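A.B. asks: The structure that follows is given in the form of structure tokens.
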Amino acid sequence: MRLELISPKNNSSEGSRELWDGKFYSLVYGVNKYSTAPLALPTIAALTPEDIEVNITDENVEQIDFDKHVDLVGVTCSTWLAPRAYEIADEFRQRGVTVVLGGIHPTMLPDEAIEHADAVVIGEAENVWRKLVNDFRENRLRPFYKSSEFPKLANLPVPRWALLKNRRYFYHTIQTTRGCPYDCEFCTVKAMSGGRYRYKPVKDIMQEMKTLLDIEKKLIFFVDDNFIGDRRHAKELLRELIPLKIVYFAQVSLNLAKDEELLSLLAESGCRKVIIGFESLISANLRQMGKDRYYKVEQYAKDIMKIQSFGIEIQGFFIFGHDFDDNSVFEKTVNFVNSTDLAIPILSILTPLPGTRLFRRFDREGRLLYNDWKRYDGRHVCFRPKLMSPKTLQNGYNWAMQQVNAYESIFERLRRIWNLWNRNNVRLQDRISPIIVNLAINDIAKSLPEAPHPENFGESMIQNVSQVKR
């Protein structure tokens with residue numbers, strides 16, 4: 033039996049650039065690579081019975097061979113990749129091949145996904161994948177497979193990373209925890225992986241690390257939604273990572289700034305970048321989305337300086353389009369970013385992804401504009417904002433991207449962080465990444481349509497801020 037596992041690429045009809053498409057990096061380094069190696073497919077491959085021949089095709093680095101003889105196809109996708117995933121599934125089914133869909137989007141909209149598949153995996157696959165494969169072999173495949181509980185992460189098989197075209201990626205991916213106790217209105221994590229942290233034993237993670245490093249020693253991305261969510265577990269792992277002398281980055285929460293021991297361990301174990309969602313500079317937005325208990329706008333600048341003083345650059349995310357955002361939010365965010373030491377600012381448009389509380393609220397309020405999923409990518413407006421028009425939000429995002437990523441803005445931010453690192457004796461080789469990443473985002477920003485200053489957008493929409501439901 034032959035199993036083909038597929039990760040689709042962006043198939044935007046507008047030809048828009050993906051933020052991490054790797055084109056700029058490939059030009060700089062003189063090699064044709066994509067940024068991130070997929071993790072879901074090597075994980076599924078490891079769960080598959082050993083007598084089955086498994087192949088992985090990541091459309092970001094190679095073309096799909098629809099004429100290849102395969103018995104079963106599995107396609108994974110997030111929301112903005114769903115249209116391409118459905119095209120792939122439909123093409124294989126027209127050729128008589130059985131198709132399974134899984135991932136975040138099929139989990140949130142299984143009734144939509146099943147229109148393009150013979151079976152849909154709802155949620156995490158560890159507890160149901162072997163059952164699905166056996167059912168397929170015995171010709172009794174069911175339309176939906178969903179575990180009654182979240183899988184335990186101890187003693188799972190090591191992902192089969194060797195099936196990837198590893199030299200076509202700039203960095204490896206690995207995961208140590210799943211789940212999140214917070215319930216941010218715009219986030220899918222709790223719906224997909226549950227409301228508490230589950231973590232792999234450190235010994236299991238170290239075995240996975242050995243496997244990865246045996247394949248190729250290069251930059252590693254810990255894809256956990258919050259790598260430091262369980263502090264005890266994180267510190268235990270970091271102490272074990274120190275002798276490996278790796279370089280890595282991870283997603284964390286801003287309260288990292290309050291734990292100097294954790295900051296020291298991250299720096300000593302090779303962490304050179306953390307990804308943090310600041311989300312908004314307006315406290316009312318943080319309160320509405322459920323992050324005001326542990327995110328304080330007035331502390332942002334100090335927390336940024338504290339974390340980066342350890343030689344760990346911050347890639348900070350800011351989202352436009354919350355209910356308390358009017359057209360002043362764009363200049364306010366640009367001014368904040370350009371006045372701090374933030375190494376890498378990332379701007380995006382609020383996106384009501386299926387399965388989130390935000391999606392359900394906007395649906396009730398009649399504010400969703402369309403379900404063209406490829407535009408649910410954080411760069412297109414797909415809902416009606418409260419205090420501005422959709423056009424103003426789109427133009428404001430384009431303008432802010434171009435301002436924050438202008439050469440003079442990049443130079444000034446990097447000059448300040450360079451001075452900070454001089455004072456803290458950060459090694460020269462650890463200072464290169466923010467230069468390359470900022471220039472890569474500049475390359476993306478220049479591809480956006482030019483937009484005027486927000487003051488020239490015309491009237492903002494409808495209501496006064498006092499009318500917004502808190």
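Just so you know, we're using our numbering here: the sequence shown kicks off at 33 and counts up by one. Just so you know, even glycine gets a beta-carbon here, dropped at the ideal spot from N, CA and C. Keep in mind that this is a model prediction, so the values were computed, not measured.
For the alpha helix (DSSP H) that Phe368 lies in, which residues bound it at each end?
C.D. replies: Looking up residue 368 in the sequence shown gives position 336. Phe368 -> alpha helix (DSSP H) spans 361 to 371.
A.B. asks: Would you mind listing the alpha helix (DSSP H) stretches within the segment 271 to 334 that are 4+ residues and don't spill past its ends, in chain order?
C.D. replies: Qualifying alpha helix (DSSP H) stretches, in chain order: 292 to 300, 315 to 321.
A.B. asks: Rounded to whole angstroms, what's the CA-CA distance from Tyr177 to Ala72? Just pull it up for me.
C.D. replies: What you label residue 177 is simply residue 145 of the sequence shown in a count that begins at 1. What you label residue 72 is simply residue 40 of the sequence shown in a count that begins at 1. Approximately 17 Å between the Cα atoms of the pair.
A.B. asks: Rounded C-beta distance between Leu288 and Ile260? I'm assuming under 8 Å.
C.D. replies: One-based indexing of the sequence shown puts residue 288 at position 256. One-based indexing of the sequence shown puts residue 260 at position 228. Contact holds; Cβ gap of about 6 Å.
A.B. asks: Distance check for Gly134 and Ile38, CA to CA, integer angstroms please.
C.D. replies: In the sequence shown, residue 38 corresponds to position 6, counting from 1. In the sequence shown, residue 134 corresponds to position 102, counting from 1. Cα to Cα, the separation comes out at about 11 Å.
A.B. asks: Where does Lys6 sit, in a helix, a strand or coil, going by DSSP?
C.D. replies: No statement about residue 6 is possible, as the shown extent of the chain runs from 33 to 502 and does not include it.
A.B. asks: Evaluate Ser498 with the Cβ neighbour count: other Cβ atoms within 10 Å of its Cβ, from every protein chain shown; 16 or more gives buried, anything less gives exposed.
C.D. replies: Locating residue 498 in the sequence shown gives position 466, counting from the first residue. Note that Ser498 has pLDDT 37, beneath the 50 cutoff, so the model's placement of it is unreliable and the number below is only indicative. Label assigned to Ser498: exposed.
A.B. asks: Please give me, in chain order, every unbroken run of the beta strand (DSSP E) with length at least 3 that falls completely inside the segment 86 to 146.
C.D. replies: Counting whole runs of 3 or more residues, the segment 86 to 146 contains the beta strand (DSSP E) stretches 104 to 108, 130 to 134.
A.B. asks: By the DSSP assignment, the beta strand (DSSP E) with Arg199 in it spans what residues?
C.D. replies: As a first step, residue 199 is located in the sequence shown; it is residue number 167 there, counting from the start. From DSSP, Arg199 is part of no beta strand (DSSP E); its letter is neither H nor E.
A.B. asks: Cα separation between Trp450 and Lys305?
C.D. replies: Position 418 of the sequence shown, counting from 1, holds the residue named residue 450. Position 273 of the sequence shown, counting from 1, holds the residue named residue 305. Their Cα atoms are separated by approximately 15 Å.
A.B. asks: Within its chain, find whatever has a CB closer than 7 Å to the CB of Ala149; leave out the 5 residues flanking it on each side and keep chain order.
C.D. replies: Mapped onto the sequence shown, residue 149 falls at position 117. Ala121, Val131, Val132, Leu133.
A.B. asks: Excluding sequence positions up to five away, which residues of its chain have a Cβ less than 8 Å from the Cβ of Asn198?
C.D. replies: Here residue 198 refers to the residue found at position 166 when the sequence shown is read from its first residue. Ala69, His204, Ile247, Glu248, listed in sequence order.
A.B. asks: In chain order, what residues of the same chain have a beta carbon less than 6 Å from the beta carbon of Leu164, not counting five sequence neighbours either side?
C.D. replies: Numbered from 1 along the sequence shown, position 132 holds the residue referred to as residue 164. Once the five neighbours on either side are set aside, the close Cβ partners of Leu164 are Tyr177.
A.B. asks: Which residues in the same chain as Glu363 place their Cβ atom closer than 7 Å to its Cβ, once the five residues preceding and following it in sequence are excluded?
C.D. replies: Here the question's residue 363 lines up with position 331 in the sequence shown. If we look at Glu363 and ignore the five residues flanking it on each side, its Cβ neighbours are Pro486.
A.B. asks: Between Thr209 and Arg230, which are expected to be in contact by the criterion C-beta below 8 Å, what is the C-beta distance as a whole number of angstroms?
C.D. replies: For the purposes of this step, residue 209 is taken as residue 177 along the sequence shown, with counting starting at 1. For the purposes of this step, residue 230 is taken as residue 198 along the sequence shown, with counting starting at 1. Indeed, because the Cβ distance is near 6 Å, the residues count as touching under 8 Å.
A.B. asks: May I have the straight-line CA-CA distance separating Val458 from Ile336, to the nearest angstrom?
C.D. replies: By one-based count along the sequence shown, residue 458 stands at place 426. By one-based count along the sequence shown, residue 336 stands at place 304. C-alpha separation (whole angstroms): 16 Å.
A.B. asks: Classify Phe168 as helix, strand or coil using the three-state DSSP reduction.
C.D. replies: Along the sequence shown, one-based indexing puts residue 168 at 136. If DSSP states are grouped into helix, strand and coil, Phe168 belongs with the helices.
A.B. asks: Helix, strand or coil: how does DSSP classify Ala438 here?
C.D. replies: Numbered from its first residue, the sequence shown carries residue 438 at position 406. Note: Ala438 maps to coil in three-state DSSP.
A.B. asks: Suppose the cutoff is 7 Å on Cβ atoms and the five residues either side in sequence are ignored; what does the same chain contact list for Glu272 look like?
C.D. replies: Here residue 272 refers to the residue found at position 240 when the sequence shown is read from its first residue. Closer than 7 Å at Cβ, skipping near neighbours: Val234, Met238.
A.B. asks: Compute the distance between the beta-carbons of Asn2 and Ile376, then report whether it is under 8 Å.
C.D. replies: The question about residue 2 has no answer here: the residues shown for the chain are numbered 33 through 502.
A.B. asks: Quick check: what's the CA-CA separation for Asn403 versus Ile274?
C.D. replies: Along the sequence shown, read from residue 1 onward, the residue named residue 403 stands at position 371. Along the sequence shown, read from residue 1 onward, the residue named residue 274 stands at position 242. If you take the alpha carbons of Asn403 and Ile274, they lie about 46 Å apart.
A.B. asks: Buried or exposed for Ser296, please, with buried defined as at least 16 other CB atoms from any protein chain shown within 10 angstroms of its CB.
C.D. replies: As a first step, residue 296 is located in the sequence shown; it is residue number 264 there, counting from the start. Its Cβ having fewer than 16 others within 10 Å, Ser296 is exposed.
A.B. asks: Between Val284, Glu158, Phe443, Val221, which lies nearest to Pro386 when the distance is taken from Cα to Cα?
C.D. replies: Within the sequence shown, numbered from 1, the residue matching residue 386 stands at position 354. Among Val284, Glu158, Phe443, Val221, the Cα nearest to that of Pro386 belongs to Val221.
A.B. asks: Just reading off the alpha helix (DSSP H) that Thr220 is part of, what are its end residues?
C.D. replies: Mapped onto the sequence shown, residue 220 falls at position 188. Taken as a continuous stretch (DSSP letters only), Thr220 belongs to no alpha helix (DSSP H), as it is neither H nor E.
A.B. asks: Can you have a look at Glu505 and say buried or exposed, based on whether 16 or more other CB atoms are within 10 angstroms of its CB?
C.D. replies: This structure cannot settle anything about residue 505, because the visible part of the chain is limited to 33 through 502.
A.B. asks: Out of Leu374, Val93, Leu318, Asn317, which one is the CA nearest neighbour of Tyr201?
C.D. replies: Residue 201 sits at position 169 when you count from the first residue of the sequence shown. Nearest C-alpha to Tyr201: Val93.
A.B. asks: What are the start and end residues of the alpha helix (DSSP H) that includes Ser465?
C.D. replies: For this step, residue 465 is matched to residue 433 along the sequence shown. Looking at the DSSP string, the run of the alpha helix (DSSP H) that includes Ser465 is 465 to 477.
A.B. asks: Cβ atoms of Arg116 and Lys65: under 8 Å apart, would you say?
C.D. replies: On the sequence shown, position 33 is the one that residue 65 refers to. On the sequence shown, position 84 is the one that residue 116 refers to. No, these two residues do not count as a Cβ contact at 8 Å.
A.B. asks: Skipping 5 residues on each side, what residues in its chain have a beta carbon closer than 6 Å to that of Gly302?
C.D. replies: As a position in the sequence shown, residue 302 is number 270, starting the count at 1. The residues are Ile278, Val279, Tyr280.
A.B. asks: Please classify His265 as buried or exposed, where buried requires at least 16 neighbouring CB atoms within 10 angstroms.
C.D. replies: Position 233 of the sequence shown, counted from the first residue, corresponds to residue 265. It counts as buried.
A.B. asks: Could you tell me the distance, in whole angstroms, from the CA atom of Ile154 to the CA atom of Gly128?
C.D. replies: As a working note, residue 154 is residue 122 in the sequence shown. As a working note, residue 128 is residue 96 in the sequence shown. Whole-angstrom Cα-Cα distance: 23 Å.
A.B. asks: Tell me the DSSP secondary structure of Tyr429 in three-state form.
C.D. replies: The residue given as residue 429 occupies position 397 in the sequence shown. Three-state result, Tyr429: helix.
A.B. asks: Is the beta carbon of Glu444 sitting closer than 8 Å to the one on Asn370?
C.D. replies: Locating residue 444 in the sequence shown gives position 412, where the first residue counts as 1. Locating residue 370 in the sequence shown gives position 338, where the first residue counts as 1. Cβ atoms of Glu444 and Asn370: closer than 8 Å.
A.B. asks: Around the C-beta of His137, are 16 or more other C-beta atoms found within 10 angstroms, so that it is buried, or is it exposed?
C.D. replies: By 1-based counting over the sequence shown, the position of residue 137 is 105. So His137 counts as buried.
A.B. asks: Could you spell out where the alpha helix (DSSP H) holding Leu379 opens and where it closes?
C.D. replies: By one-based count along the sequence shown, residue 379 stands at place 347. It is not in any alpha helix (DSSP H) - Leu379 instead sits in the beta strand (DSSP E) that spans 376 to 381.
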